[in-house]
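I have placed the structure first, in the form of structure tokens, so that the comments after it can refer back to it.
In mature numbering (1 follows the signal peptide of the UniProt record, and there is no 0), the protein residues as written are -19 to -1, 1 to 303.
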């Protein structure tokens, strides 16, 4: 009896354990097909040899953009208040080594509100009147150590700057990585073509060939998905029943391109958000054209002379050979 209890307990717990391993994202089936690179060829009869490569490139510099807003009754007040906040925060941020900053002017507009005009025998009239100004600026911070971002957020929050708009990733190694990917793809596609020749027992040396290739670069800011983690109860209620649903927490997570569709991968293990470079090369081999050319070349034409002699004709020449 005790063994049966443990057995059924294991059955009840095991689905929960599997769910924890796969992640809560599977509650809503948020995993989607990756938009991986795909180089298309015109439709022709023949053989297409293709190679796909993926490179995960760690960024060597970052740019974080924070947005700040200031309101006030006069233009002087607005400018003084926002400049004080930005200047003091950037003075602390620049104490970090290798940090560069830039302040981007976004907008400076008047702010309006409605004033009620009361009349004895008429309806209320709402007039829009200016009450102040709103100034928006963005702070750009360039840095090389990703751990510094937490320090920047802490400093800026002390001056009521909370809005982290985005973080851009940059790498100086992209051109080198692209050349490495092209060299790897060249060796692999040559190996594939040789394998096709062995399987078919023929050579493609004289066949018509066409080639196409392309790169796609995916930045981390483009690769975030969202989902809501919850499990709601289903109730059999009347249509007239009032149901008040609570707001669900939305989670964002980094979803890189899966590495399952590629012939080779550079730096396959991904721990942090990275720049992902995809490369694909395709070679189209027109075997039909080669066979027609071979068949035409193998034909022999014989001319019978008036004397009854047989003379071969050179098909590549306009004149017969006597």
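Heads up, the beta-carbon is just placed ideally off N, CA and C, and yes, glycines get one too.
Note that the structure is a prediction, hence the values are computed from the model and not measured.
Is residue i helix, strand or coil when you go by DSSP?
i: residue 294; result: strand
i: residue 191; result: strand
i: residue 252; result: coil
i: residue 45; result: strand
i: residue 36; result: strand
i: residue 162; result: helix
i: residue 240; result: coil
i: residue 127; result: coil
i: residue 135; result: helix
i: residue 60; result: helix
i: residue 66; result: helix
i: residue 268; result: helix
i: residue 157; result: helix
i: residue 174; result: helix
i: residue 148; result: strand
i: residue 55; result: coil
i: residue 309; result: The shown model of the chain, from -19 to 303, leaves out residue 309, and the question about it has no answer.
i: residue 224; result: coil
i: residue 78; result: coil
Starting from the C-beta of residue i, find all residues in its chain whose C-beta is less than 6 Å away, skip the five residues before and the five after it, and write them out in chain order.
i: residue 71; result: 82
i: residue 93; result: 109 and 111
i: residue 192; result: 264
i: residue 156; result: none
i: residue 213; result: none
i: residue 30; result: 170, 173, 174 and 264
i: residue 180; result: none
i: residue 19; result: none
i: residue 142; result: 47 and 49
i: residue 59; result: 51, 53, 114 and 116
Within its chain, find whatever has a CB closer than 7 Å to the CB of residue i; leave out the 5 residues flanking it on each side and keep chain order.
i: residue 63; result: 49, 51, 116 and 118
i: residue 165; result: 34 and 245
i: residue 153; result: 41
i: residue 84; result: 67, 118 and 120
i: residue 136; result: 70, 73 and 74
Between which residues of its own chain and residue i is the CB-CB distance below 8 Å, once the five residues before and five after are set aside?
i: residue 190; result: 264, 265, 266 and 267
i: residue 43; result: 123, 124, 125, 127, 130, 148, 149, 150 and 151
i: residue 205; result: 233, 234, 235 and 236
i: residue 134; result: 145
i: residue 184; result: 178
i: residue 3; result: Caution is warranted here: a pLDDT of 48 is assigned to residue 3, below 50, making its placement in the model unreliable, and the coordinate value is therefore given only provisionally. Here the set comprises nothing.
i: residue 240; result: 35, 246 and 249
Nearest to residue i by alpha carbon, out of the options?
i: residue 248; options: 86, 122, 88 and 158; result: 158
i: residue 90; options: 69, 222, 167 and 54; result: 54
i: residue 107; options: 97, 147 and 187; result: 97
i: residue 140; options: 69, 77, 185 and 84; result: 69
i: residue 138; options: 187, 178, 223 and 74; result: 74
i: residue 203; options: 254, 120 and 32; result: 254
i: residue 95; options: 88, 80, 87 and 113; result: 113
i: residue 121; options: 80, 224, 61 and 292; result: 80
i: residue 144; options: 47, 27 and 181; result: 47
i: residue 86; options: 290, 162, 67 and 78; result: 67
i: residue 194; options: 187, 222 and 162; result: 162
i: residue 45; options: 65, 56, 61 and 132; result: 132
i: residue 32; options: 238, 168, 252 and 182; result: 168
i: residue 56; options: 222, 88 and 220; result: 88
i: residue 238; options: 251, 226 and 228; result: 251
Identify the residues that DSSP records as bridge partners of residue i: which are they?
i: residue 120; result: 47 and 84
i: residue 259; result: 35 and 197
i: residue 207; result: 233
i: residue 186; result: Residue 186 pairs with nothing; no bridge assigned.
i: residue 98; result: 106
i: residue 91; result: 114
i: residue 247; result: 36
i: residue 28; result: 266
Should residue i be flagged as near chain D, meaning a C-beta pair shorter than 7 Å?
i: residue 81; result: In the structure shown, chain D does not exist; there is a single protein chain.
Stretch pair the stretch 29 to 37 + the stretch 91 to 110: three plus CB contacts closer than 8 Å: Touching, no.
Would you say the stretch 182 to 201 touches the stretch 243 to 262, given that touching needs at least three Cβ pairs under 8 Å? The stretch 182 to 201, when compared against the stretch 243 to 262, does touch it at the 8 Å Cβ threshold.
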